[in-house]
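Participant: Below is the structure I would like to discuss, written out as structure tokens.
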Amino acid sequence: MKIHEYQARELLANAGVPVPAGSMVQSAADAEKAAAKILQTGAAQVVIKAQVHAGGRGKAGFVKVVKSVKEARAAAEFMLTHRMVSPQTGPEGLQVKRLLVAAAVDIAKEYYLAITVDRAANTNTLIASAEGGVEIEAVAARNPQAIKKERLHPILGLQAFQARDLAFALGFKGKQVNQAVSIMTRLAKLFTDSDASLAEINPLIVTPPTATHPDGEVLAIDAKFNFDDNALFRHKNIADLFDPSEENPAELRANEHGLSYVALDGNIGCLVNGAGLAMSTMDIIKLHGGEPANFLDVGGSASEEAVTEAFRIILSDQRVQGVLVNIFGGIMQCDRIARAIVAAAKEVGFQVPLVVRLEGTNVEEARRILSQARREIPMMQSASDLTDAAKKVTAAVAA
Ligand code: GDP
Ligand code: MN
Numbered sequence: 426m427k428i429h430e431y432q433a434r435e436l437l438a439n440a441g442v443p444v445p446a447g448s449m450v451q452s453a454a455d456a457e458k459a460a461a462k463i464l465q466t467g468a469a470q471v472v473i474k475a476q477v478h479a480g481g482r483g484k485a486g487f488v489k490v491v492k493s494v495k496e497a498r499a500a501a502e503f504m505l506t507h508r509m510v511s512p513q514t515g516p517e518g519l520q521v522k523r524l525l526v527a528a529a530v531d532i533a534k535e536y537y538l539a540i541t542v543d544r545a546a547n548t549n550t551l552i553a554s555a556e557g558g559v560e561i562e563a564v565a566a567r568n569p570q571a572i573k574k575e576r577l578h579p580i581l582g583l584q585a586f587q588a589r590d591l592a593f594a595l596g597f598k599g600k601q602v603n604q605a606v607s608i609m610t611r612l613a614k615l616f617t618d619s620d621a622s623l624a625e626i627n628p629l630i631v632t633p634p635t636a637t638h639p640d641g642e643v644l645a646i647d648a649k650f651n652f653d654d655n656a657l658f659r660h661k662n663i664a665d666l667f668d669p670s671e672e673n674p675a676e677l678r679a680n681e682h683g684l685s686y687v688a689l690d691g692n693i694g695c696l697v698n699g700a701g702l703a704m705s706t707m708d709i710i711k712l713h714g715g716e717p718a719n720f721l722d723v724g725g726s727a728s729e730e731a732v733t734e735a736f737r738i739i740l741s742d743q744r745v746q747g748v749l750v751n752i753f754g755g756i757m758q759c760d761r762i763a764r765a766i767v768a769a770a771k772e773v774g775f776q777v778p779l780v781v782r783l784e785g786t787n788v789e790e791a792r793r794i795l796s797q798a799r800r801e802i803p804m805m806q807s808a809s810d811l812t813d814a815a816k817k818v819t820a821a822v823a824a
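For the sequence shown, the numbering used here gives the first residue as 426, with consecutive numbering after it.
Following this line, the structure appears as structure tokens:
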């Protein structure tokens, strides 16, 4: 699960990581009020930031530093009335419904700091770079030496010596060192305590020296967190941060029915049981020149109603020009799928070719149900195996 920056900043602040004060607003009028409040506290500048589940906002013009309430309002109005297009959004962009209005800070230097799961190394790993702000992928490609990694100990987490080594390697000086160590340590603890899969601060910044802070201050001014969905049951405070309006509506609907659904770009809708079989079904469709429109695993214990809902979701996708049902009934009973096909045919109707391959538990009963319904579902073909199914559906879609 992803959360917004303003929510991530609050988690960081509660964990003791210094973050400039700010608040979330949903209208230009409220943005103006929030900016006025910040300017009254003595801040010289305010930053207005689009809150969407995608990065690259700075380059897209959806992070603006302003000096007056008038400019704050104008920036907010722009962001709330234009879709944000960045390399992370796709060409259609995202609608912006929420803004963060925060005290802006002067920046002497930007760093990158993140903790994520390094699957190859089987450890949580801290990744840091003195070349922050810009896309870390570009730094990794151009200058891999500029990226430092520290593996977290599975029990001890990030150890003090690792944080200090890293702070020096990144070039922090004087009082900055202890501040950076404290931020890394707190971030690592927050990552583990919250079952995060990503905790990223980009940029982590140092402010220019002032009379009160001759070495500058180390602050987090952007934050991105992802969490392990399977651990959310033990973090109600984090589960509560879920923003359904940022999710694909079809994926959301599927989720409510206990189905694993991921929308893709192709035109062949897939209904499969088991993630492994779903993956191989997608592979074999591609092998035969087709493009899957989705990944859909109905699982082993989905009810007839949930499977019917799966058909509703697939058939409501305008791009779907053919449907492939591939079931290997182990726990899932084939007759349940057959009944759902008949129900979906009655209710929504299959306007596109349907290829069905069923094998396993109760397959005889399933075949009987489908052959009885053959007249109502004339576009249905049965397939003998996975290759036959993929060939039939790609041919039907190409026709
Ligand atoms: P992202 O582009 O979506 O990752 O958004 P960020 O929050 O990282 O902002 C992008 C860039 O805007 C940062 O790298 C900074 O250079 C700049 N920026 C963001 N907040 C401030 C601020 O408070 N003061 C100044 N001077 N620049 C800022
Ligand atoms: Mn950023």
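Even glycine gets a Cβ: it sits at the ideal position worked out from N, Cα and C.
This structure is a prediction, so every number in the text was calculated from the model and none was measured.
At 4 residues or longer, and completely inside the segment 694 to 735: list those alpha helix (DSSP H) runs for me, N to C.
Facilitator: The segment 694 to 735 contains, as complete alpha helix (DSSP H) runs of 4+ residues, the segments 700 to 712 (chain order).
Participant: According to DSSP, is Phe-616 helix, strand or coil?
Facilitator: The residue labelled residue 616 in the question sits at position 191 within the sequence shown. Helix at Phe-616.
Participant: Mind checking Asp-647: buried by the 16 CB within 10 Å criterion, or exposed?
Facilitator: Working through the sequence shown from its first residue, we reach residue 647 at position 222. It is buried - the Cβ of Asp-647 has at least 16 other Cβ atoms within 10 Å.
Participant: Quick check on Lys-661: does DSSP put it in helix, strand or coil?
Facilitator: For the purposes of this step, residue 661 is taken as residue 236 along the sequence shown, with counting starting at 1. Helix at Lys-661.
Participant: Starting from the N-terminal end, write out each residue whose C-beta falls within a distance shorter than 5 Å of any non-hydrogen atom of the ligand MN.
Facilitator: Asn-627 and Asp-647
Participant: Expressed to the nearest angstrom, what Euclidean distance is found between the alpha-carbon atoms of Asn-662 and Phe-503?
Facilitator: In the sequence shown, counting from the first residue as 1, residue 662 sits at position 237. In the sequence shown, counting from the first residue as 1, residue 503 sits at position 78. Approximately 32 Å, taken between the alpha carbons.
Participant: Count the other CB atoms within 10 Å of the CB of Gly-641; is the residue buried (16 or more) or exposed (fewer)?
Facilitator: For this step, residue 641 is matched to residue 216 along the sequence shown. Buried: at least 16 other Cβ atoms inside 10 Å.
Participant: Would you say the beta carbon of Ala-529 comes nearer than 7 Å to a heavy atom of the ligand GDP?
Facilitator: Position 104 of the sequence shown, counted from the first residue, corresponds to residue 529. Result yes, Cβ under 7 Å from the ligand GDP.
Participant: Suppose only complete runs of 4+ residues qualify. What are the alpha helix (DSSP H) ranges in the segment 499 to 567, listed by chain order?
Facilitator: Complete alpha helix (DSSP H) runs here, min 4: 561 to 567.
Participant: At a threshold of 7 Å, does Gly-481 count as lining the ligand GDP (C-beta to nearest heavy atom)?
Facilitator: Mapped onto the sequence shown, residue 481 falls at position 56. At least one heavy atom of the ligand GDP is found less than 7 Å from the C-beta of Gly-481.
Participant: Does any heavy atom of the ligand GDP sit closer than 7 Å to the C-beta of Gly-558?
Facilitator: Translated into positions along the sequence shown, residue 558 becomes position 133. Yes; taking the cut-off as 7 Å, the Cβ of Gly-558 has a heavy atom of the ligand GDP nearer than that.
Participant: Do you know offhand how far Thr-514's Cα is from Gly-683's?
Facilitator: For the purposes of this step, residue 514 is identified with residue 89 of the sequence shown, where counting begins at 1. For the purposes of this step, residue 683 is identified with residue 258 of the sequence shown, where counting begins at 1. Answer to the nearest angstrom: the Cα atoms are 26 Å apart.
Participant: Relative to the C-alpha of Gln-797, which residue among Asp-654, Ala-588 and Ala-770 is closest?
Facilitator: Along the sequence shown, read from residue 1 onward, the residue named residue 797 stands at position 372. Selected option, being the one with the closest Cα: Ala-770.
Participant: Would you check if the distance between the CB atom of Gly-755 and the CB atom of Thr-786 is smaller than 8 Å?
Facilitator: For the purposes of this step, residue 755 is taken as the residue at position 330 of the sequence shown. For the purposes of this step, residue 786 is taken as the residue at position 361 of the sequence shown. A contact, by the Cβ cut-off of 8 Å.
Participant: In angstroms, rounded to a whole number, what distance separates the CA positions of Val-822 and Gly-518?
Facilitator: Start at 1 with the first residue of the sequence shown, and residue 822 comes out as number 397. Start at 1 with the first residue of the sequence shown, and residue 518 comes out as number 93. Between the alpha carbons of Val-822 and Gly-518 lies a gap of roughly 29 Å.
Participant: Going by CA-CA distance only, name the one from Pro-512, Glu-556, Thr-466 and Arg-523 that's closest to Leu-538.
Facilitator: Numbered from its first residue, the sequence shown carries residue 538 at position 113. The candidate whose alpha carbon is nearest that of Leu-538 is Glu-556.
Participant: Since Ala-808 contacts Arg-782 with CB under 8 Å, what's their CB separation in whole angstroms?
Facilitator: As a working note, residue 808 is residue 383 in the sequence shown. As a working note, residue 782 is residue 357 in the sequence shown. That pair is a contact at about 4 Å.
Participant: Alpha carbon to alpha carbon, how far is Ser-607 from Ala-500? Give it in angstroms, no decimals.
Facilitator: In the sequence shown, the residue the question calls residue 500 occupies position 75. In the sequence shown, the residue the question calls residue 607 occupies position 182. Each residue's Cα considered, the two are about 34 Å apart.
Participant: Alpha carbons only, please: which of Lys-462, Val-477 and Asn-627 is nearest the one belonging to Glu-671?
Facilitator: By 1-based counting over the sequence shown, the position of residue 671 is 246. Nearest of Lys-462, Val-477 and Asn-627 to Glu-671, Cα basis: Val-477.
Participant: When you measure from the CB of Glu-535 to every non-hydrogen atom of the ligand GDP, does any distance come out below 7 Å?
Facilitator: Walking along the sequence shown from the start, residue 535 turns up at place 110. Flag set: Cβ of Glu-535 near the ligand GDP.
Participant: So with Cβ pairs under 8 Å, would you call Val-494 a contact of chain C?
Facilitator: Of the chains in the structure shown, none is chain C; there is only one protein chain.
Participant: Considering only the beta carbon of each residue, do Thr-550 and Thr-541 sit closer than 8 Å?
Facilitator: Here the question's residue 550 lines up with position 125 in the sequence shown. Here the question's residue 541 lines up with position 116 in the sequence shown. In this structure, Thr-541 lies closer than 8 Å to Thr-550 by Cβ.
Participant: If the criterion is Cβ atoms closer than 8 Å, does the pair Ile-630 and Lys-534 meet it?
Facilitator: By 1-based counting over the sequence shown, the position of residue 630 is 205. By 1-based counting over the sequence shown, the position of residue 534 is 109. The answer is yes: Cβ separation under 8 Å.
Participant: With 16 as the cutoff for other CB atoms within 10 Å, does Gln-604 come out buried or exposed?
Facilitator: Locating residue 604 in the sequence shown gives position 179, where the first residue counts as 1. Classification of Gln-604: buried, given that the 10 Å Cβ count is 16 or more.
Participant: Note down the Cα distance separating Ile-710 from Arg-799, rounded to an integer number of angstroms.
Facilitator: If you number the sequence shown from 1, residue 710 lands on position 285. If you number the sequence shown from 1, residue 799 lands on position 374. So the alpha carbons of these two residues sit roughly 25 Å apart.
Participant: Just tell me which of Lys-458, Val-530 and Ala-735 has its CA closest to the CA of Lys-489.
Facilitator: For the purposes of this step, residue 489 is taken as the residue at position 64 of the sequence shown. That would be Val-530, whose Cα lies nearest to the Cα of Lys-489.
Participant: Since Arg-523 and Met-449 are thought to touch, with beta carbons under 8 Å apart, how far apart are those beta carbons, to the nearest angstrom?
Facilitator: Stepping through the sequence shown from its first residue, residue 523 is reached at position 98. Stepping through the sequence shown from its first residue, residue 449 is reached at position 24. Between Met-449 and Arg-523 the Cβ distance is about 6 Å, and since that is below 8 Å, they are a contact.
Participant: Rounded to the nearest angstrom, what separates Leu-677 and Lys-598 at their Cα positions?
Facilitator: As a working mapping, residue 677 is identified with position 252 in the sequence shown. As a working mapping, residue 598 is identified with position 173 in the sequence shown. Taking the straight line from one Cα to the other gives about 47 Å.
Participant: Which residue wins for smallest C-alpha separation from Ala-585, given the options Pro-639, Thr-610, Pro-579 and Gln-601?
Facilitator: Here residue 585 is taken as the residue at index 160 of the sequence shown, counted from 1. Out of Pro-639, Thr-610, Pro-579 and Gln-601, Thr-610 has the C-alpha closest to the C-alpha of Ala-585.
Participant: For Gln-432, count neighbouring Cβ atoms within 10 angstroms of its own Cβ and tell me buried if that reaches 16, exposed if not.
Facilitator: In the sequence shown, the residue the question calls residue 432 occupies position 7. Burial call: buried.
Participant: Which residues does DSSP pair with Ala-475 in a beta bridge?
Facilitator: Within the sequence shown, residue 475 is the residue found at index 50, counting from 1. Looking at the DSSP output, Ala-475 shares a beta bridge with Leu-524.
Participant: Would you please state the rounded distance, in angstroms, between the beta carbons of Leu-666 and Ile-428? I believe it to be under 8 Å.
Facilitator: Looking up residue 666 in the sequence shown gives position 241. Looking up residue 428 in the sequence shown gives position 3. The Cβ separation is near 5 Å, so the contact holds.
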